[in-house]
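J.:
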Amino acid sequence: MDGGPAPALGTAAHEPVRRGSLAGFGPVARRAAPWLALVVCCAVVALIYGPALEFPFFYDDTFDMSRTESQSFLSLLGGIDGYAYYRPLPFLIWKAFYQLQGFYDPVLFHALALASHILAGWLLYLLVRRLTGSEWAIVPAMLFLAFPFSYQVVPVAGSLFHSLVTLFILATLYFYLLARLRGSWAFMAVSIVMAGLALWTHEFGILVAGYLLVVESVLWLTRRVPRPTPWLLAHLTLGGLFVLVWFSVQKVPSPVPANQEELIQKGLFFLQGMAYPVTAQLVPLQKWFGDDLGSQTLLAGGIGIGICLIVYLLAGRKILIAVVAIVWTLAALLPVWWRLNWPYVQDAPRLLYLASAGTAIFWGMLATLSWRSRVLTAVWRLIVVAGLAAVIWQGVQFINIRMEMLRHSGQIVNAVAAAGRAHDGSSVLFLNVPSWFSVRERMYARGHLGVTAMPSYIGLDRVIYTHTGAHTRAESLSFHADTETWRDYWYPHGREVTAEEVDAAIRAADAVYAPEIDRDRFSIRDLGGLVRASNDGTPPLATFDGRLDLVHAGVDGVSGSLALDLDWHVRSALDGAWLMDIQLRDGGGQVVSEWRGYALENAWAPRLWRPGDRIADRSVLHLPEPDGTRPFSVWLGFVPESDSRLLPVTATGTLPATNGFVRIGTVDS
Numbered sequence: 005m006d007g008g009p010a011p012a013l014g015t016a017a018h019e020p021v022r023r024g025s026l027a028g029f030g031p032v033a034r035r036a037a038p039w040l041a042l043v044v045c046c047a048v049v050a051l052i053y054g055p056a057l058e059f060p061f062f063y064d065d066t067f068d069m070s071r072t073e074s075q076s077f078l079s080l081l082g083g084i085d086g087y088a089y090y091r092p093l094p095f096l097i098w099k100a101f102y103q104l105q106g107f108y109d110p111v112l113f114h115a116l117a118l119a120s121h122i123l124a125g126w127l128l129y130l131l132v133r134r135l136t137g138s139e140w141a142i143v144p145a146m147l148f149l150a151f152p153f154s155y156q157v158v159p160v161a162g163s164l165f166h167s168l169v170t171l172f173i174l175a176t177l178y179f180y181l182l183a184r185l186r187g188s189w190a191f192m193a194v195s196i197v198m199a200g201l202a203l204w205t206h207e208f209g210i211l212v213a214g215y216l217l218v219v220e221s222v223l224w225l226t227r228r229v230p231r232p233t234p235w236l237l238a239h240l241t242l243g244g245l246f247v248l249v250w251f252s253v254q255k256v257p258s259p260v261p262a263n264q265e266e267l268i269q270k271g272l273f274f275l276q277g278m279a280y281p282v283t284a285q286l287v288p289l290q291k292w293f294g295d296d297l298g299s300q301t302l303l304a305g306g307i308g309i310g311i312c313l314i315v316y317l318l319a320g321r322k323i324l325i326a327v328v329a330i331v332w333t334l335a336a337l338l339p340v341w342w343r344l345n346w347p348y349v350q351d352a353p354r355l356l357y358l359a360s361a362g363t364a365i366f367w368g369m370l371a372t373l374s375w376r377s378r379v380l381t382a383v384w385r386l387i388v389v390a391g392l393a394a395v396i397w398q399g400v401q402f403i404n405i406r407m408e409m410l411r412h413s414g415q416i417v418n419a420v421a422a423a424g425r426a427h428d429g430s431s432v433l434f435l436n437v438p439s440w441f442s443v444r445e446r447m448y449a450r451g452h453l454g455v456t457a458m459p460s461y462i463g464l465d466r467v468i469y470t471h472t473g474a475h476t477r478a479e480s481l482s483f484h485a486d487t488e489t490w491r492d493y494w495y496p497h498g499r500e501v502t503a504e505e506v507d508a509a510i511r512a513a514d515a516v517y518a519p520e521i522d523r524d525r526f527s528i529r530d531l532g533g534l535v536r537a538s539n540d541g542t543p544p545l546a547t548f549d550g551r552l553d554l555v556h557a558g559v560d561g562v563s564g565s566l567a568l569d570l571d572w573h574v575r576s577a578l579d580g581a582w583l584m585d586i587q588l589r590d591g592g593g594q595v596v597s598e599w600r601g602y603a604l605e606n607a608w609a610p611r612l613w614r615p616g617d618r619i620a621d622r623s624v625l626h627l628p629e630p631d632g633t634r635p636f637s638v639w640l641g642f643v644p645e646s647d648s649r650l651l652p653v654t655a656t657g658t659l660p661a662t663n664g665f666v667r668i669g670t671v672d673s
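Numbered according to our numbering, the sequence shown spans residues 5 to 673.
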């Protein structure tokens, strides 16, 4: 596909190609190199992002994909109602997948995202190889594929916009370059088609016109073409047509920020990405040089890029490729730097995806620099390759941490979808379900570099429908969420509410679910709730103050947790604010572990229970590790929130009761 040798960037057509270029390879090796590079790209992406094929949908996926159902293929070309952007091609692809399969298949959607990343990396290799005449082009390709901030694009199916537009832009430039060097109308036609696909994929596609002008300028400066080509006007005309269409379709207006502080913050965030081989070291080095080091993005990033530019100048001929790389990066970042606000940008490292191609070229082509001494050149390349390999490894570790968070996010999403499917057509309440995760130890100083499982502005009913097709009425609320017991920060989905609002939501729901957090796994569990059936006359095991009948009690100790199985019948409302008090006592009657809180894992305040209510409580409590002689007896009582007096209890069944507590079972652990 790209077998013939080409003069290196910065080398005139009449000059010999230097050592390290394609001329150093035999014909067979030159022909095989592109396909070997493709295999390498596939292997690298599979190793880094392969687990994404098992992920469900994240972020805005469930909203963006399902919104196409109400529109025809033709109407999608005119934009989507209520959508802030004009990006029809990905929506057309998603609608086609849905029409063909009849459901949203995460494997297929993720496979497309991974394939687009692979092809983008491969095309970057082909483009740089053709421009420079060097097989060192594989280094920028590897940096691009392992760029740390791409973790928000490749394993997230709905971020296909970014990888696909980058793929089409690179394809446009590559086939344009082939067309100019070989005088091929066929390659030029392919280039024009690729430009059209880029334009109708993402607004970034408009940059293809500027990038083509850069490529054409490089060809003139290096004397590789004798004169300009009128074919460039075809690309520019296509871009103008897109602009006319873009202004004609309906879009939600996005504000242009004029806040100087926001512009500074966004600039530093993007500089952090441009200079990531340097800025990634700032936070780790704080241990030795002080806590303020991590914020020195401008100083470290600016110095790092400046030193590299000086090195390119000293090396001579390769300064042009460095300039092209910086122009590429800045062109990709300036529109979002100006148009998008800082709260959006700091949550969106995906905005660096297209720019990362230029960033990868800038840092990766340092390995191609030659010096007058062969020994010095060899030492230089050894040092640079080793350093870039370390940068790639560091980036992979950064991505791996996020992939692990996405794995846990996938567990939650799948559990929510399964619960919703089990209650198709009914109402389900989800309490304290994780919405997003963030690491406790940062590698970069700027931006929110966590992962979002299900954003709070998208209802869980949409999550359930996209994954299962079930039409479940789902409500998600946050109340007394325990977010400190997990190794990463996480935040619950839904608005934070009062005890009274939780009471109303539980009464309106047919089922209530909450997350179950293990050391390496997230799931959700049925908490119980309001039992719709009337009292069946079962005699109570115990009665608290003549107001609450305990009609069933069971306990089970599993992996350091205490699972409750309690059924209540409310005779009359409790006066005041009362807490359930669960005690573990050893053989001598000493309390060795205790938990106090509301029913349903601290969600439903007993003071809000109404006469006639039948309540099922299926809480699982994580008690402090007890010390003492096993087995432990489990005792239940009620204490007020303000003091230590107990609600009196009378045992009317087989359960023993004493001093305001009733024994509801025994556990061994």
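Using N, Cα and C, we set each Cβ at its ideal position, and we do this for glycine too.
Leaving out five residues before and five after Phe665 in sequence, what residues of the same chain have Cβ atoms less than 8 Å from its Cβ?
T.: Indexing the sequence shown from 1 puts residue 665 at position 661. Closer than 8 Å at the Cβ level, and outside the excluded window around Phe665, lie Asp585, Gln587, Trp639, Leu640, Gly641, Leu650 and Val653.
J.: Report yes if the C-beta distance between Ser527 and Gln350 is below 9 Å; otherwise report no.
T.: Taking the sequence shown and counting its residues from 1, the one referred to as residue 527 is at position 523. Taking the sequence shown and counting its residues from 1, the one referred to as residue 350 is at position 346. No, the Cβ-Cβ distance between Ser527 and Gln350 is not below 9 Å.
J.: Below 8 Å on the Cβ atoms is my contact criterion, and I expect Thr472 with Arg425 to pass it. Report the Cβ-Cβ distance as a whole number of Å.
T.: Your numbering for residue 472 matches position 468 in the sequence shown. Your numbering for residue 425 matches position 421 in the sequence shown. Yes, they are in contact, since the Cβ atoms of Thr472 and Arg425 sit about 4 Å apart, within 8 Å.
J.: If you measure from the CB of Phe441, is any heavy atom of the ligand NAP nearer than 8 Å?
T.: Summarising the ligand content, the structure contains no ligands, and the ligand NAP is consequently not present.
J.: Just how far apart, CA to CA, sit Ala12 and Gly200?
T.: Residue mapping note: residue 12 aligns to position 8 of the sequence shown, counting from 1. Residue mapping note: residue 200 aligns to position 196 of the sequence shown, counting from 1. Bear in mind that a pLDDT of 42 at Ala12, under 50, signals an unreliable position, so the number given afterwards is only what the model happens to contain. Using only the alpha carbons, I get a separation of about 29 Å.
J.: Would you please state the rounded distance, in angstroms, between the beta carbons of Glu505 and Ala581? I believe it to be under 8 Å.
T.: If you number the sequence shown from 1, residue 505 lands on position 501. If you number the sequence shown from 1, residue 581 lands on position 577. About 16 Å separates the two Cβ atoms, so there is no contact after all.
J.: Tell me the start and end of each unbroken beta strand (DSSP E) in the stretch 220-253 that is at least 3 residues and wholly inside, in chain order.
T.: If we require 3 residues or more, the stretch 220-253 turns out to have no beta strand (DSSP E) run fully inside it.
J.: Does DSSP classify Trp3 as helix, strand or coil?
T.: As shown, the chain starts at 5 and ends at 673. That puts residue 3 outside it, with no answer to give.
J.: Can you tell me whether Ile314 is buried or exposed? The criterion is at least 16 other CB atoms within 10 Å of its CB, across all chains shown.
T.: For the purposes of this step, residue 314 is taken as residue 310 along the sequence shown, with counting starting at 1. Result: exposed.
J.: Helix, strand or coil for Asp549 per DSSP?
T.: The residue labelled residue 549 in the question sits at position 545 within the sequence shown. In this structure, Asp549 counts as coil in the three-state DSSP scheme.
J.: Taking the straight line between their C-alpha atoms, what separation do you get for Phe273 and Thr301?
T.: The sequence position of residue 273 within the sequence shown is 269, counting from 1. The sequence position of residue 301 within the sequence shown is 297, counting from 1. Rounded to the nearest angstrom, the two C-alpha atoms are 8 Å apart.
J.: Here's the rule I'm using: 16 or more other beta-carbon atoms within 10 Å means buried, otherwise exposed. How should Ala518 be labelled?
T.: Within the sequence shown, residue 518 is the residue found at index 514, counting from 1. With 16 or more other Cβ atoms within 10 Å, it is buried.
J.: Give every residue of the same chain whose Cβ lies closer than 7 Å to the Cβ of Leu337, excluding the five residues on either side of it in the sequence, and list them in chain order.
T.: As a first step, residue 337 is located in the sequence shown; it is residue number 333 there, counting from the start. These residues qualify, in order along the chain: Phe274 and Ala359.
J.: Run through DSSP, which three-state label would His556 get?
T.: Locating residue 556 in the sequence shown gives position 552, counting from the first residue. In the structure shown, His556 sits in a strand (DSSP, three-state: E or B).
J.: What residue does the beta strand (DSSP E) around Leu636 start on, and which one ends it?
T.: Start at 1 with the first residue of the sequence shown, and residue 636 comes out as number 632. The amino acid at residue 636 is misidentified as Leu; the sequence shows Phe. It spans Phe636 to Pro644 - the beta strand (DSSP E) in which Phe636 sits, taken as one unbroken run.
J.: Buried or exposed for Thr372, going by 16 or more other Cβ atoms inside 10 Å?
T.: By one-based count along the sequence shown, residue 372 stands at place 368. Buried, by the Cβ-count rule.
J.: Cβ of Trp571 within 9 Å of Cβ of Val535?
T.: If you number the sequence shown from 1, residue 571 lands on position 567. If you number the sequence shown from 1, residue 535 lands on position 531. Residue identity check: residue 571 is Asp in the sequence provided, not Trp. Closer than 9 Å, so yes.
J.: Straight-line CA distance for Tyr280 to Arg227?
T.: Here residue 280 is taken as the residue at index 276 of the sequence shown, counted from 1. Here residue 227 is taken as the residue at index 223 of the sequence shown, counted from 1. Distance between the alpha carbons of Tyr280 and Arg227: 34 Å.
J.: By the three-class DSSP mapping on this structure, what secondary structure does Gln401 have?
T.: Against the sequence shown, residue 401 aligns to sequence position 397. Note: Gln401 maps to helix in three-state DSSP.
J.: What are the boundary residues of the alpha helix (DSSP H) that Gly454 is part of?
T.: Stepping through the sequence shown from its first residue, residue 454 is reached at position 450. Unbroken run through Gly454: none, as it is neither H nor E.
J.: Once the 5 residues before and after Pro635 are set aside, which same chain residues still bring their CB inside 7 Å of it?
T.: For the purposes of this step, residue 635 is taken as residue 631 along the sequence shown, with counting starting at 1. Hits under 7 Å: Thr670, Val671 and Asp672.
J.: Using only CA atoms, which one of His626, Trp608, Leu554 and Asp579 lies nearest to Val562?
T.: On the sequence shown, residue 562 is found 558 positions in, with the first residue counted as 1. Selected option, being the one with the closest Cα: His626.
J.: Assuming Tyr129 and Ala41 form a contact by the criterion Cβ under 8 Å, report the distance between their Cβ atoms to the nearest whole angstrom.
T.: Position 125 of the sequence shown, counting from 1, holds the residue named residue 129. Position 37 of the sequence shown, counting from 1, holds the residue named residue 41. Between Ala41 and Tyr129 the Cβ distance is about 5 Å, and since that is below 8 Å, they are a contact.
J.: Which of helix, strand or coil does DSSP assign to Asp486?
T.: Numbered from 1 along the sequence shown, position 482 holds the residue referred to as residue 486. Coil.
J.: Determine the DSSP secondary structure at Tyr493, reduced to helix, strand or coil.
T.: Looking up residue 493 in the sequence shown gives position 489. Tyr493: strand per DSSP, three-state reduction.
J.: In three-state terms, what does DSSP make of Trp367?
T.: Position 363 of the sequence shown, counted from the start, is the residue given in the question as residue 367. Helix, per DSSP.
J.: Touching or not, the stretch 158-174 and the stretch 186-194, by the rule of three or more beta carbon pairs under 8 Å?
T.: In short, these stretches do not touch, since the Cβ pair count stays below three.
J.: In whole angstroms, what is the alpha-carbon distance linking Gly454 and Val443?
T.: Walking along the sequence shown from the start, residue 454 turns up at place 450. Walking along the sequence shown from the start, residue 443 turns up at place 439. Going from the Cα of Gly454 to the Cα of Val443 covers about 6 Å.
J.: Ala503 and Tyr602 - do their beta-carbons sit closer together than 9 Å?
T.: For this step, residue 602 is matched to residue 598 along the sequence shown. For this step, residue 503 is matched to residue 499 along the sequence shown. Taking 9 Å as the Cβ cut-off, Tyr602 and Ala503 qualify as a contacting pair.
J.: Could you give the uninterrupted runs of the beta strand (DSSP E) lying entirely in the stretch 136-210, keeping only those of 3 residues or more?
T.: You should have found no qualifying run.
J.: Pick helix, strand or coil for Asp672, following the three-state DSSP scheme.
T.: For the purposes of this step, residue 672 is taken as the residue at position 668 of the sequence shown. DSSP places Asp672 in coil when its eight states are reduced to three.
J.: I'd like the list of long-range same chain contacts for Ala546, defined as Cβ closer than 7 Å, with 5 residues on each side in sequence excluded.
T.: Within the sequence shown, the letter at position 542 stands for residue 546. For Ala546, where only same-chain residues beyond five positions count, the Cβ hits under 7 Å are Leu554, Val653, Thr654, Ala655, Thr656, Gly657, Leu659, Ala661 and Val666.
J.: Could you name the residues of the same chain whose beta carbon sits closer than 6 Å to that of Met198, not counting the 5 residues immediately before and after it, in chain order?
T.: Start at 1 with the first residue of the sequence shown, and residue 198 comes out as number 194. Closer than 6 Å at Cβ, skipping near neighbours: Phe172, Ala175 and Thr176.
J.: DSSP beta-bridge partners for Gln587?
T.: Start at 1 with the first residue of the sequence shown, and residue 587 comes out as number 583. Glu598 and Trp639.
J.: Put Gly320 into one of helix, strand or coil per three-state DSSP.
T.: Here the question's residue 320 lines up with position 316 in the sequence shown. In this structure, Gly320 counts as coil in the three-state DSSP scheme.
J.: Please state whether the Cβ-Cβ distance between Tyr348 and Thr66 is less than 9 Å.
T.: Walking along the sequence shown from the start, residue 348 turns up at place 344. Walking along the sequence shown from the start, residue 66 turns up at place 62. No, the pair does not count as a contact, with Cβ atoms beyond the cut-off.
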